[in-house]
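Chemist: From first to last, the protein sequence lines are chains A and B.
Heads up: the first sequence begins at 24 in the working numbering, then just goes up one per residue.
Heads up: the second sequence begins at 24 in the working numbering, then just goes up one per residue.
All residues carry an ideal CB built from backbone N, CA and C; glycine is no exception.
Protein chains: 2
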Amino acid sequence: MDKPYVIGIDVGGTNTVFGVVDARGCILESGKIKTGNYETAEAYVAVLAPELNKLIEKAGGKEKFNGIGIGAPNGNYYQGTIEDAPNVLWAKGKIIPFAKMIGYMTGIPAVLTNDANAAAIGEMTYGIAKGMKNFIMITLGTGVGSGIVVNGQLVYGHDGFAGELGHVIVRKENGRLCGCGRKGCLEAYASAVGVARTARQFIEERKAKTILTELVPDVEKITSKDVYDAAKKGDRVAIDIFQYTGRLLGEAFADFVAFSSPEAIVLFGGLARSGEFILNPIKEAMDEYSLRIFKGKTKVVLSELPESDAAVLGASALAWEIK
Amino acid sequence: MDKPYVIGIDVGGTNTVFGVVDARGCILESGKIKTGNYETAEAYVAVLAPELNKLIEKAGGKEKFNGIGIGAPNGNYYQGTIEDAPNVLWAKGKIIPFAKMIGYMTGIPAVLTNDANAAAIGEMTYGIAKGMKNFIMITLGTGVGSGIVVNGQLVYGHDGFAGELGHVIVRKENGRLCGCGRKGCLEAYASAVGVARTARQFIEERKAKTILTELVPDVEKITSKDVYDAAKKGDRVAIDIFQYTGRLLGEAFADFVAFSSPEAIVLFGGLARSGEFILNPIKEAMDEYSLRIFKGKTKVVLSELPESDAAVLGASALAWEIK
Numbered sequence: 024m025d026k027p028y029v030i031g032i033d034v035g036g037t038n039t040v041f042g043v044v045d046a047r048g049c050i051l052e053s054g055k056i057k058t059g060n061y062e063t064a065e066a067y068v069a070v071l072a073p074e075l076n077k078l079i080e081k082a083g084g085k086e087k088f089n090g091i092g093i094g095a096p097n098g099n100y101y102q103g104t105i106e107d108a109p110n111v112l113w114a115k116g117k118i119i120p121f122a123k124m125i126g127y128m129t130g131i132p133a134v135l136t137n138d139a140n141a142a143a144i145g146e147m148t149y150g151i152a153k154g155m156k157n158f159i160m161i162t163l164g165t166g167v168g169s170g171i172v173v174n175g176q177l178v179y180g181h182d183g184f185a186g187e188l189g190h191v192i193v194r195k196e197n198g199r200l201c202g203c204g205r206k207g208c209l210e211a212y213a214s215a216v217g218v219a220r221t222a223r224q225f226i227e228e229r230k231a232k233t234i235l236t237e238l239v240p241d242v243e244k245i246t247s248k249d250v251y252d253a254a255k256k257g258d259r260v261a262i263d264i265f266q267y268t269g270r271l272l273g274e275a276f277a278d279f280v281a282f283s284s285p286e287a288i289v290l291f292g293g294l295a296r297s298g299e300f301i302l303n304p305i306k307e308a309m310d311e312y313s314l315r316i317f318k319g320k321t322k323v324v325l326s327e328l329p330e331s332d333a334a335v336l337g338a339s340a341l342a343w344e345i346k
Numbered sequence: 024m025d026k027p028y029v030i031g032i033d034v035g036g037t038n039t040v041f042g043v044v045d046a047r048g049c050i051l052e053s054g055k056i057k058t059g060n061y062e063t064a065e066a067y068v069a070v071l072a073p074e075l076n077k078l079i080e081k082a083g084g085k086e087k088f089n090g091i092g093i094g095a096p097n098g099n100y101y102q103g104t105i106e107d108a109p110n111v112l113w114a115k116g117k118i119i120p121f122a123k124m125i126g127y128m129t130g131i132p133a134v135l136t137n138d139a140n141a142a143a144i145g146e147m148t149y150g151i152a153k154g155m156k157n158f159i160m161i162t163l164g165t166g167v168g169s170g171i172v173v174n175g176q177l178v179y180g181h182d183g184f185a186g187e188l189g190h191v192i193v194r195k196e197n198g199r200l201c202g203c204g205r206k207g208c209l210e211a212y213a214s215a216v217g218v219a220r221t222a223r224q225f226i227e228e229r230k231a232k233t234i235l236t237e238l239v240p241d242v243e244k245i246t247s248k249d250v251y252d253a254a255k256k257g258d259r260v261a262i263d264i265f266q267y268t269g270r271l272l273g274e275a276f277a278d279f280v281a282f283s284s285p286e287a288i289v290l291f292g293g294l295a296r297s298g299e300f301i302l303n304p305i306k307e308a309m310d311e312y313s314l315r316i317f318k319g320k321t322k323v324v325l326s327e328l329p330e331s332d333a334a335v336l337g338a339s340a341l342a343w344e345i346k
């Protein structure tokens with residue numbers, strides 16, 4: 024192959040990770056910088072680009088690269104822009120022509136999509152969704168993201184922003200305030216932050232004994248990982264938190280199935296690591312709320328890609344599409 | 024063109040309409056039979072097929088036909104089957120290999136999809152969605168159906184049943200019982216039947232003076248058409264019924280946009296003829312409930328195809344895909 028490599032870049036809320044990837048999906052070289060410490064996109068790219076160029080040189084120069092794929096919050100596939108990403112200081116309230124900037128600084132053509140779409144492409148190219156033509160990727164991290172694949176293609180919509188399933192409204196009445204400014208979004212319940220909120224709510228409401236408050240006396244500091252640790256020890260409150268979160272996800276998934284009837288819903292991210300604690304209530308509620316013709320047809324599975332690699336692999340897979 | 028014609032068949036809950044269509048979308052011949060008066064699919068097809076064969080002969084014989092396209096409730100595109108259609112006597116609780124039966128009886132290859140998908144194809148081929156790659160068709164009739172187009176292709180899902188947006192759950196708490204057996208489905212509110220239920224509910228709750236009860240003294244007999252007539256006369260209760268229904272649709276549409284970010288949502292069917300009475304509250308609620316990046320981007324438009332033709336045209340358009 025003339026151009027045996029691609030680069031994948033994952034712009035996360037905290038860290039940016041990147042790597043040189045070959046056609047089999049092996050990450051040959053990788054690196055990492057902080058995402059958030061910059062006032063402007065230019066300042067951020069001025070740090071990122073030299074790091075990329077080091078890896079490019081090491082791999083034999085830019086001629087060896089088919090392209091650069093980027094996964095970023097609020098990434099617009101059609102425009103190559105990051106648009107008003109609320110959790111990234113240099114992209115808040117701005118439209119950043121990020122793919123162009125990276126292309127200019129490296130001399131390699133770059134394409135960009137949102138991080139959950141990149142994860143879906145990674146799953147389809149290297150992961151559990153290999154060979155699937157219809158599936159939905161749900162990323163359960165700090166936020167809740169999604170990448171939807173229909174007829175073997177990512178759904179970008181007419182404007183490049185399709186697939187914001189973290190922001191379907193699951194509680195119309197008395198819904199929790201979401202980071203997006205609206206109320207009752209799935210993300211306000213099923214993100215890591217949402218689970219921590221549920222933990223505080225349950226502890227306050229129930230006044231029951233729970234290992235959680237022994238593990239983390241300051242309830243403001245409870246994380247979804249703490250809830251998992253407590254659930255593993257058989258703590259009732261912690262198990263109920265997953266039950267509540269999982270059922271909400273399952274209800275929402277029943278609606279997603281009515282939309283695109285996917286072969287599978289693939290879960291990825293921190294909360295997905297809670298395994299059966301979250302999977303069982305998801306499957307129960309999904310079955311309960313599904314229209315009869317859909318019942319029992321859509322699998323809910325966990326991503327098997329190592330989390331640190333999946334984002335980079337997913338972004339990189341996008342770069343093979345560049346002609 | 025060797026095979027200048029196709030046939031479109033629309034299997035509705037009450038009537039089955041069919042027609043011979045040319046490449047420009049002109050309906051050259053058409054016919055109609057009752058759908059529901061038969062105990063078995065065989066008995067129904069035994070009446071339908073001779074009617075089709077008459078039209079086929081008249082047009083010059085089966086050699087002139089590229090195919091037959093069928094729109095039917097719970098139609099499975101991949102299998103060519105009608106599966107457990109609750110409103111069709113001969114298809115309730117059964118799996119009918121309908122495309123095969125029609126193909127066998129006419130000697131022309133037949134394909135089948137659900138009626139709302141057929142309407143979406145019709146809209147894309149001959150109607151207001153011509154040239155659109157991403158749109159959602161919502162049919163507001165006795166029930167609420169949908170056909171979703173992504174990247175210029177109908178979304179069938181892994182099993183052929185995708186696009187049941189009438190059955191997303193819009194009221195999680197105290198939701199109305201839906202014909203599907205679940206509670207709170209969009210269809211239970213936004214179908215013609217749903218609007219009539221809202222009318223009875225509003226009349227009972229408010230005990231206000233309304234033209235509706237003058238027009239139709241027996242509230243059990245109020246139809247969505249009566250509500251429209253009363254609204255046109257400025258009746259407050261009738262206008263509020265549309266307001267309530269439209270807002271519910273708009274809320275749901277905001278979630279649909281988060282899914283596939285379509286260029287337009289196209290409304291079709293009886294309720295769509297209520298024009299501004301239903302469109303204005305839809306647009307208001309959709310704007311209110313949309314995620315910021317989507318606000319104001321997705322048009323809500325009314326189908327411009329004559330309703331009697333659209334179903335046949337849509338089904339027939341499917342038959343051009345047969346190779």
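Would D25/A be called buried (16 or more neighbouring beta carbons within 10 Å of its own) or exposed?
Modeler: On the first sequence, residue 25/A is found 2 positions in, with the first residue counted as 1. Looking at its Cβ environment, which holds fewer than 16 other Cβ atoms inside 10 Å, D25/A is exposed.
Chemist: So, using beta-carbon positions, are R194/A and G207/A closer together than 8 Å?
Modeler: Along the first sequence, one-based indexing puts residue 194/A at 171. Along the first sequence, one-based indexing puts residue 207/A at 184. Yes.
Chemist: Taking only the alpha-carbon atoms, compute the straight-line gap between E80/A and I159/A and give it to the nearest angstrom.
Modeler: What you label residue 80/A is simply residue 57 of the first sequence in a count that begins at 1. What you label residue 159/A is simply residue 136 of the first sequence in a count that begins at 1. Taking the straight line from one Cα to the other gives about 37 Å.
Chemist: Looking only at C-alpha atoms, which of E106/A, V111/A and L71/A sits nearest to G31/A?
Modeler: Looking up residue 31/A in the first sequence gives position 8. Here the closest residue by C-alpha is L71/A.
Chemist: For T136/A, name the three-state secondary structure that DSSP assigns.
Modeler: Here the question's residue 136/A lines up with position 113 in the first sequence. DSSP places T136/A in strand when its eight states are reduced to three.
Chemist: Taking the Cβ atom as the reference point for each residue, do G98/A and T136/A lie within a distance shorter than 8 Å?
Modeler: Residue 98/A sits at position 75 when you count from the first residue of the first sequence. Residue 136/A sits at position 113 when you count from the first residue of the first sequence. Cβ atoms of G98/A and T136/A: closer than 8 Å.
Chemist: Cβ of G170/B within 8 Å of Cβ of A143/B?
Modeler: As a first step, residue 170/B must be located in the second sequence, where it is residue number 147. As a first step, residue 143/B must be located in the second sequence, where it is residue number 120. Taking 8 Å as the Cβ cut-off, G170/B and A143/B qualify as a contacting pair.
Chemist: Could you say which of K248/B, F276/B and F279/B lies nearest to I264/B if we only look at CA atoms?
Modeler: Within the second sequence, residue 264/B is the residue found at index 241, counting from 1. Per the Cα distances, K248/B.
Chemist: R315/B touches chain A at which residues, Cβ-Cβ below 9 Å?
Modeler: Taking the second sequence and counting its residues from 1, the one referred to as residue 315/B is at position 292. Correct list: D107, C203, G204 and R205.
Chemist: Would you please verify whether the beta carbon of N157/A is less than 8 Å from any beta carbon of chain B?
Modeler: To locate residue 157/A, count along the first sequence from 1; it is residue 134. Chain B, which has a Cβ nearer than 8 Å to the Cβ of N157/A, makes this yes.
Chemist: Roughly how many angstroms lie between the CA atoms of W343/A and C49/A, to the nearest whole one?
Modeler: The residue you call residue 343/A lines up with position 320 of the first sequence. The residue you call residue 49/A lines up with position 26 of the first sequence. For W343/A and C49/A, the distance between alpha carbons rounds to 14 Å.
Chemist: Return the first residue and the last residue of the beta strand (DSSP E) that Y28/A is part of.
Modeler: Here residue 28/A refers to the residue found at position 5 when the first sequence is read from its first residue. Unbroken beta strand (DSSP E) run through Y28/A: Y28 to V34.
Chemist: Can you confirm whether S283/B, when its beta carbon is compared against all beta carbons of chain A, has any partner nearer than 8 Å?
Modeler: For the purposes of this step, residue 283/B is identified with residue 260 of the second sequence, where counting begins at 1. So yes, S283/B belongs to the interface.
Chemist: Label K346/B either buried or exposed according to how many other C-beta atoms from any shown protein chain fall within 10 Å of its C-beta, with 16 as the threshold for buried.
Modeler: Along the second sequence, one-based indexing puts residue 346/B at 323. Its Cβ having fewer than 16 others within 10 Å, K346/B is exposed.
Chemist: Can you give me the C-alpha to C-alpha distance between V324/B and E330/A, rounded to a whole angstrom?
Modeler: Looking up residue 324/B in the second sequence gives position 301. Looking up residue 330/A in the first sequence gives position 307. Cα to Cα, the separation comes out at about 43 Å.
Chemist: Rounded to whole angstroms, what is the Cα-Cα separation between A219/B and V44/A?
Modeler: As a first step, residue 219/B is located in the second sequence; it is residue number 196 there, counting from the start. As a first step, residue 44/A is located in the first sequence; it is residue number 21 there, counting from the start. Each residue's Cα considered, the two are about 60 Å apart.
Chemist: Any C-beta of chain A sitting closer than 8 Å to the C-beta of N97/B?
Modeler: Position 74 of the second sequence, counted from the start, is the residue given in the question as residue 97/B. Yes, N97/B lies at the interface with chain A (some Cβ there is under 8 Å from its Cβ).
Chemist: Assuming A333/A and S326/A form a contact by the criterion Cβ under 8 Å, report the distance between their Cβ atoms to the nearest whole angstrom.
Modeler: One-based indexing of the first sequence puts residue 333/A at position 310. One-based indexing of the first sequence puts residue 326/A at position 303. Right, their Cβ atoms sit about 6 Å apart.
Chemist: Taking only three categories from DSSP, how would you classify Q266/B?
Modeler: For the purposes of this step, residue 266/B is identified with residue 243 of the second sequence, where counting begins at 1. Looking at Q266/B - three-state DSSP - the assignment turns out to be helix.
Chemist: Where do the N-terminal and C-terminal ends of the beta strand (DSSP E) with L188/A fall, by residue?
Modeler: Taking the first residue of the first sequence as 1, we reach residue 188/A at position 165. It is not in any beta strand (DSSP E) - L188/A carries neither H nor E in the DSSP assignment.
Chemist: Please classify E347/B: is it buried, with 16 or more other beta-carbons within 10 angstroms of its beta-carbon, or exposed?
Modeler: Chain B is shown only over 24 to 346; residue 347/B falls outside these bounds and no answer can be derived.
Chemist: Using a cut-off of 7 Å between C-beta atoms, extract the partners of V173/A located in chain B.
Modeler: Walking along the first sequence from the start, residue 173/A turns up at place 150. Chain B residues near V173/A: V173 and V178.
Chemist: If you run the structure through DSSP and keep just helix, strand and coil, what is T104/B?
Modeler: Position 81 of the second sequence, counting from 1, holds the residue named residue 104/B. T104/B: strand per DSSP, three-state reduction.
Chemist: Helix, strand or coil for D45/A per DSSP?
Modeler: Indexing the first sequence from 1 puts residue 45/A at position 22. Of the three classes helix, strand and coil, the one that applies to D45/A here is strand, per DSSP.
Chemist: Would Y267/A count as contacting chain B if we go by Cβ distances under 8 Å?
Modeler: Along the first sequence, read from residue 1 onward, the residue named residue 267/A stands at position 244. Y267/A does not count as touching chain B.
Chemist: For the 8 Å Cβ check, are there 3 or more pairs between the segment 299-309 of chain A and the segment 183-202 of chain B?
Modeler: Too few Cβ pairs lie closer than 8 Å, so no.
Chemist: Do you know whose CA, among V260/A, Y312/A, A253/A and W113/A, lies nearest L238/A's CA?
Modeler: Within the first sequence, residue 238/A is the residue found at index 215, counting from 1. It is A253/A.
Chemist: Expressed to the nearest angstrom, what Euclidean distance is found between the alpha-carbon atoms of A64/B and I234/B?
Modeler: Position 41 of the second sequence, counted from the start, is the residue given in the question as residue 64/B. Position 211 of the second sequence, counted from the start, is the residue given in the question as residue 234/B. In a straight line, the C-alpha of A64/B is about 44 Å away from that of I234/B.
Chemist: Pull the bridge partners of T58/B from the DSSP assignment, please.
Modeler: Here residue 58/B refers to the residue found at position 35 when the second sequence is read from its first residue. T58/B pairs with nothing; no bridge assigned.
Chemist: Is it the case that the segment 91-105 of chain B contacts the segment 116-134 of chain B, given that we only count it when at least three CB pairs across the two stretches are under 8 Å?
Modeler: Flag = yes, the segment 116-134 of chain B and the segment 91-105 of chain B touch.
Chemist: Taking the beta carbon of R47/A as the centre, do at least 16 other beta carbons fall within 10 Å, making it buried, or is it exposed?
Modeler: If you number the first sequence from 1, residue 47/A lands on position 24. R47/A comes out exposed.
Chemist: Give a yes or no on whether 8 Å exceeds the smallest Cβ distance from K320/A to chain B.
Modeler: As a working mapping, residue 320/A is identified with position 297 in the first sequence. Answer yes: the Cβ-Cβ gap between K320/A and chain B drops below 8 Å somewhere.
Chemist: Going by the beta-carbon positions, is the gap between E286/A and K322/A smaller than 8 Å?
Modeler: Here residue 286/A is taken as the residue at index 263 of the first sequence, counted from 1. Here residue 322/A is taken as the residue at index 299 of the first sequence, counted from 1. The answer is yes: Cβ separation under 8 Å.
Chemist: Considering only DSSP beta bridges, list what A287/A is partnered with.
Modeler: To locate residue 287/A, count along the first sequence from 1; it is residue 264. According to DSSP, which records beta bridges pairwise, A287/A is partnered with F158/A and K322/A.
Chemist: Would you say I192/A reaches chain B, if we count a Cβ-Cβ gap shorter than 8 Å as a contact?
Modeler: Position 169 of the first sequence, counted from the first residue, corresponds to residue 192/A. So yes, I192/A belongs to the interface.
Chemist: Taking 8 Å as the threshold (beta carbon to beta carbon), is D310/B in contact with chain C?
Modeler: Checking the listed chains, one finds no chain C in this structure; the protein chains it contains are A and B.
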